[in-house]
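Colleague: A single structure is presented below for examination.
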Amino acid sequence: MSQSSDNSNTTPVIKCESVYKIFGNNALKLLENSNGQVDAKTFQEAGCIVGVNNASFGVNKGEMMVVMGLSGSGKSTLLRCISRLTDATAGKIFIDGEDLLSMNSKQLIELRRNKMGMVFQSFALLPHKTVIENIAFPLQVKGTNTKESMAKALEMVELVGLKGRENYFPRELSGGQQQRVGIARSLAVEPDIWFLDEPFSALDPLIRKEMQDEFLRLQAVLNKTIMFVTHDFDEALRLADRIAIMKDGIIEQLDTPDNIVLNPATEYVKKFTEDVPREKVLKIESIMDAYDSNNSSSTKVSKDAIIETLAESILNSKEILTVVDNNNEIVGSLNPTKVIKVIFGK
Amino acid sequence: MLTNFKNSRPQQFSFLFIVFLLLYFLVPENENSLLWRLPPLLKDIPLLINTLLDNLMFKWLTVPVYDPDWQMYEDKPIFRIITRSIADFLLFLIIFIREIFLGGLQTIGSITGGAFKEFKWLYLPAVPWTAVVIGLFILGYRLQGLGLAFIASIGFFYVSIFGQWEPTMETLSLVLVTAPICFVLGLSFGILGYLSKKVENTLQPILNIAQTMPHFSYLVPILVLFGIGDHAGAVATIIFATPPMIRLTILGLKKISPEVVESGLMSGCNRFQLLFRVLIPTARRDILIGVNQVIMQCLAMTTIAAFIGAKGLGFNLKVALNGLKIGKAAEIGICVVIIAVVLDKLSLAWANKQKDYFANLNFYKKNLATIYFILLTTILGVIAYFSAFYFEEGFNYLYLIPFGEGLTIAPILDAGVDWIWETFFYYLNIFNKFLITNVLFVMRDAYLGMPVVSTFVLVMGAGYIIGGIRSCIIVGALILFIALSEYWNRALITAYMATFAVGVSAILGIVTGSLCARNEISAKFILGVCDFFQTFPSFIYLIPVILLFGITDTSVMIAAIAYASVPATRYTVEGLRSVPSSLHDAASMSGVSNFQRWKSIELPLAFPHIMLGINQTLIFALMMIVLGALIGTEDLGQIIMGCLSRPNGAGIGLTLGIFVSFICLAADNLIRTWADERKKLLGIE
Ligand SMILES: Nc1ncnc2c1ncn2[C@@H]1O[C@H](COP(=O)(O)OP(=O)(O)O)[C@@H](O)[C@H]1O
Ligand SMILES: [Mg+2]
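Residue numbers (our numbering), protein chains in the order written: chain R, -12 to 333; chain Z, 15 to 699.
Written as structure tokens, this is what we have:
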């Protein structure tokens, strides 16, 4: 809040420096003795569970970072540390440049009331409140008067497509609808930072797809800074600007979706990427060559396009294409044989 | 061989039992031998408690208080001032509520300092009984529907026309005063326990003891501290009925999913908002189930509080039983049962009712029930007023049917009892005699002939086998406390009665439960029956058995068995029904018969849960056995009873209550440790 405006472009909205979260009674002492070299197994023998192990990263304004990992890998714990639902054992966390861990409870409540919103896997709605009351709850807690908070909540109801159901109780809604309420509630205070902990994992596959589309639509409009947790690699690929893959509390790799698919950093990451259809992930940019003015046709493709979406037309044309960036500047050329290689392997 | 022994529980238990028998027969009966009986080193504890209470009430911390009657200052102990003010406050509330239902002068008198006592018109008129019945109808309808409306209103209609209105309202006024107090206390302590692990750890043992202390043992100390009367009954009731509320509040709050708590925090709640706007509303149902428990416990205790002077049905019941007027006692008993059922159903309906949304309704529609109630009450009040002219000479039956002026079936009941006695006396008597001389007395002598060392070997050995050194020491310490008192022999008698009652109840319960658990309909039915029998106060069970067997050990036994079979049956049904159906199918596919399936699959899986039921059975049986002292047995309960009429009985009463509680806790420790381990092994929960 006190951050000066000139470096707000360079300061990440969320910044973690060597964050550790270790559960157990003498966690802090063990950590101090280990000099930052935390091994899950030795800690377990000492009666401690490693939740997050040396996490360092930043999330920029408007960026969507997806945290991916199998269940128990520490994704929720990482998110809880950053929202300070649990206190990190060691390390530093900055929100908009402010030290989160040194805030007192009053400052923390202020932060949550104005800057943060969170969506939960099990929806976590209040059973005794109607849809609109649930959505208005964060506003009322903040002290907004009833009329204003109801008006704002109604706006949110429309935003998530629940108009006409504002007086239903959560028990009368389907899972997908309940999560829409959860989303609306988390957005009611118009937060800058949006945390979502496996928001669609409890839903059926078809509904999940629909909700992902809806989510992308919302993000296009709202442009929040997002940390999105999932255990579903496909979901991560669909949504993410960057993906952090976690295992045993360690972030194994943090990169863009295509880099993760093309250059998995560890064996563990590789296992996830093996079955992923490349053309669905990779952008033209990742398979283009340097621009060769002699050979290229005049047909242009965007460097940010996903290969799959253009595959048919590229293969039909059989000539070498010109790749351009957002400003229509030429950045490279694309040989259709490369596309065939991506789609059919080798 | 040795490793085999290490792993085989049956072998360990056989070995323990052989050692026990050897000790039993080898240790000679000798009053001076420590192996036979321990010296009563702790016999001064009751005296200590007495002295403590005495000092509290009469000596310590005195402050000068101005006495307006004597116009001078007098030294009074703070503690007594506190108890007196609590008593006065409670008494005021009780009388106030009572006068709403029964009419009277005292409330107004006390507010105005008695200045207006002469003015007859100031007499607070009662709500006519017809209005109460209609009110219950409306309440029942609002909470659940027509069914509950009829149950509630017809129940109270019955109570009224049978002339039990006055005692019923006296009892009800006690419940209506104590239940909200218990609710507030229970909720507050529950919340504190939820918020702080330290508070919870302190509360837990107190709750455990409170839940296993027989009703009676509370009465004597309260008698000392608060004197005799309705207020003393109210205090006893509050102390008795608050623990379950605390327990259920903590449980309910802990059950809330952590994500809901986190969603509250992320919504920006502070501690206060989190508690009152997220946690408590979310745990609403569990908390209201707690209210249901509170109401039922209050009703049970108010009937027993008759022994320290609380008015109402319990008092009349006590008088009727003392005079052996079985018909009359049964009639009152029926009323108690009716009230218990109505209160139970109403409060459960409240707990299960989900909030509806009424945004679009106007004031009239929102408050329809209240408007109807006020309207009807006014009309019925007017009718009652004018009917006073109609029933000019006698009683105004549309206003209040006085005690003993309603219908009565007591003569019919008495005739029935007489007939049963004449017809079956011979057989009943034979059965009674046989049971007493050939079973009960034999068992009793066997227990009394048990050297103390063998008791300890048995109990602590079982503790060691089941829960290791920790259980062994806990159980041993609990029993040691009793063994070092003057009342070891009495405790043995209590133990023998409990063993017998629990044994029979367990067999009855497991057999009935197993039979009924075989299909859904009968399972539901038997659970309903269990619910029904669990609603009414234990006191009630004594009426029919006295009717059949008179005042003997047999009566107490049978009442205890009837009362204690309920949890055994319930837990058996629940345990068996929770066996996954895939296992049933798997078993059926491998071609086993019904009985084989029950014996080798269902029973082992359900057994840990059934054992928890047996644990409850023991508590229930002990409560009833102690209560049985009412009709004359010679165990611990009888001494507790005796304490009521002794000037310094408080210490003894409390100590003995704690003994009974310790017996329960020792058994509880063994059973729970075993069941938990077993459940883990079987992968249940
Ligand atoms: N409150 C806690 N106390 C002890 N261990 C915990 C606690 N919360 C999480 N853990 C442990 O931390 C690890 C990471 O948990 P979590 O972050 O919930 O995983 P994920 O969300 O990736 O499934 C797990 O091994 C889990 O058992
Ligand atoms: Mg998680």
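Where is the CB? At the ideal position from N, CA and C, for every residue including glycine.
Please give me, in chain order, every unbroken run of the beta strand (DSSP E) with length at least 3 that falls completely inside the region 226 to 306 of chain R.
Modeller: 229 to 234, 237 to 242 and 287 to 289
Colleague: So if I measure from each beta-carbon to every heavy atom of ligand 1 and keep distances below 5 Å, which residues remain?
Modeller: With the criterion CB distance below 5 Å from any heavy atom of ligand 1, the matching residues run R:Phe10, R:Ile36, R:Gly38, R:Ser58, R:Gly59, R:Ser60, R:Gly61, R:Lys62, R:Ser63 and R:Thr64 along the chain.
Colleague: Tell me the DSSP bridge mates of Tyr87 (chain Z)?
Modeller: Z:Tyr80
Colleague: Given a cut-off of 8 Å, decide if Cys544 (chain Z) and Thr583 (chain Z) are closer than it, judged by their beta-carbon atoms.
Modeller: yes
Colleague: Would a check of beta-carbon distances place His115 (chain R) closer than 8 Å to chain Z?
Modeller: In terms of beta-carbon proximity, His115 (chain R) lines the interface with chain Z, with at least one pair separated by less than 8 Å.
Colleague: Hey, does Arg686 (chain Z) have any beta-carbon neighbour from chain R nearer than 8 Å?
Modeller: Chain R, which has no Cβ nearer than 8 Å to the Cβ of Arg686 (chain Z), makes this no.
Colleague: Identify the contact partners of Phe202 (chain R) in chain Z, using a Cβ-Cβ distance below 7 Å as the criterion.
Modeller: Simply none; closest approach about 18 Å.
Colleague: In this structure, how does DSSP classify Leu55 (chain Z) when only helix, strand and coil are distinguished?
Modeller: coil
Colleague: Give the range of the beta strand (DSSP E) segment to which Ile615 (chain Z) is assigned.
Modeller: Ile615 (chain Z): not part of any beta strand (DSSP E); DSSP gives it neither H nor E.
Colleague: Quick one: Cα of Ser109 (chain R) to Cα of Ala138 (chain R), how far?
Modeller: For Ser109 (chain R) and Ala138 (chain R), the distance between alpha carbons rounds to 26 Å.
Colleague: Tell me which residue opens and which closes the alpha helix (DSSP H) that Lys147 (chain Z) is part of.
Modeller: Reading off the sequence, residue 147 (chain Z) comes out as Val, not Lys. Taken as a continuous stretch (DSSP letters only), the alpha helix (DSSP H) holding Val147 (chain Z) covers Trp143 to Leu157.
Colleague: Would you say Phe187 (chain R) lies against chain Z (beta-carbon separation less than 8 Å)?
Modeller: No, Phe187 (chain R) lies away from the interface with chain Z (no Cβ there is under 8 Å from its Cβ).
Colleague: What are the boundary residues of the alpha helix (DSSP H) that Phe321 (chain Z) is part of?
Modeller: Here Phe321 (chain Z) belongs to no alpha helix (DSSP H), and DSSP marks it neither H nor E.
Colleague: I need the DSSP call for Thr309 (chain R), collapsed to helix, strand or coil.
Modeller: strand
Colleague: DSSP has Glu85 (chain R) in a bridge; who is on the other side?
Modeller: R:Ile82
Colleague: Are the CB atoms of Arg156 (chain Z) and Ala365 (chain Z) within a distance shorter than 8 Å?
Modeller: no
Colleague: With 16 as the cutoff for other CB atoms within 10 Å, does Met340 (chain R) come out buried or exposed?
Modeller: The structure shown does not extend to residue 340 (chain R), since chain R is modelled only from -12 through 333, so no value can be given for it.
Colleague: What residues match up with Phe182 (chain R) in a beta bridge as DSSP calls it?
Modeller: According to DSSP, which records beta bridges pairwise, Phe182 (chain R) is partnered with R:Met105 and R:Met214.
Colleague: Would you kindly check if the distance between the Cβ of Ala620 (chain Z) and the Cβ of Ala578 (chain Z) is under 8 Å?
Modeller: It is not a contact, given that the beta carbons lie outside the stated cut-off.
Colleague: Residues bridged to Ala77 (chain R) by DSSP?
Modeller: In the DSSP assignment, the residues bridged to Ala77 (chain R) are R:Tyr7.
Colleague: Using alpha carbons as the reference points, say which of R:Ile230, R:Ala207 and R:Lys211 lies closest to Thr217 (chain R).
Modeller: Selected option, being the one with the closest Cα: R:Ile230.
Colleague: Below 8 Å between beta carbons is the criterion; list the residues of the region 280 to 299 of chain Z that meet it against any residue of chain B, in chain order.
Modeller: Absent here is chain B; the protein component of the structure consists of chains R and Z.
Colleague: Helix or strand or just coil, what does DSSP make of Ile32 (chain Z)?
Modeller: helix
Colleague: CB Arg591 (chain Z) to CB Tyr510 (chain Z), shorter than 8 Å?
Modeller: Contact: no.
Colleague: Compute the minimum distance between the beta carbon of Glu273 (chain Z) and the heavy atoms of ligand 2, and state whether it is under 7 Å.
Modeller: no
Colleague: What in chain Z is Cβ-close to Pro157 (chain R), meaning under 9 Å?
Modeller: Simply none; closest approach about 11 Å.
Colleague: Can you tell me whether Arg31 (chain R) is buried or exposed, with buried defined as 16 or more other CB within 10 angstroms of its CB?
Modeller: According to the sequence provided, residue 31 (chain R) is Gln. The question's Arg does not apply to it. Flag for Gln31 (chain R) reads exposed.
Colleague: Between Ala123 (chain R) and chain Z, is there a C-beta pair that is closer than 8 Å?
Modeller: no
Colleague: Quick check: does the Cβ of Asp348 (chain R) come within less than 7 Å of any heavy atom belonging to ligand 2?
Modeller: Outside the displayed span of chain R (-12 to 333) sits residue 348 (chain R), for which this structure offers no information.
Colleague: Quick check on this structure: which residue in R:Glu97, R:His115, R:Lys2 and R:Asp242 has the alpha carbon closest to the alpha carbon of Leu66 (chain R)?
Modeller: R:Lys2
Colleague: Tell me the DSSP bridge mates of Cys36 (chain R)?
Modeller: Before going further, note that residue 36 (chain R) is Ile rather than Cys in the sequence given. Beta-bridge pairing links Ile36 (chain R) to R:Phe10.
Colleague: Excluding the 5 residues flanking Leu141 (chain R) on each side, which residues of the same chain have their C-beta closer than 8 Å to its C-beta?
Modeller: If we look at Leu141 (chain R) and ignore the five residues flanking it on each side, its Cβ neighbours are Ile119 and Glu153.
Colleague: What would DSSP say about Phe44 (chain R), mapped onto helix, strand or coil?
Modeller: strand
Colleague: Find out if the Cβ-Cβ distance for the pair Asn222 (chain Z), Leu668 (chain Z) is shorter than 8 Å.
Modeller: no
Colleague: Is it the case that the region 288 to 296 of chain Z contacts the region 140 to 160 of chain Z, given that we only count it when at least three CB pairs across the two stretches are under 8 Å?
Modeller: no
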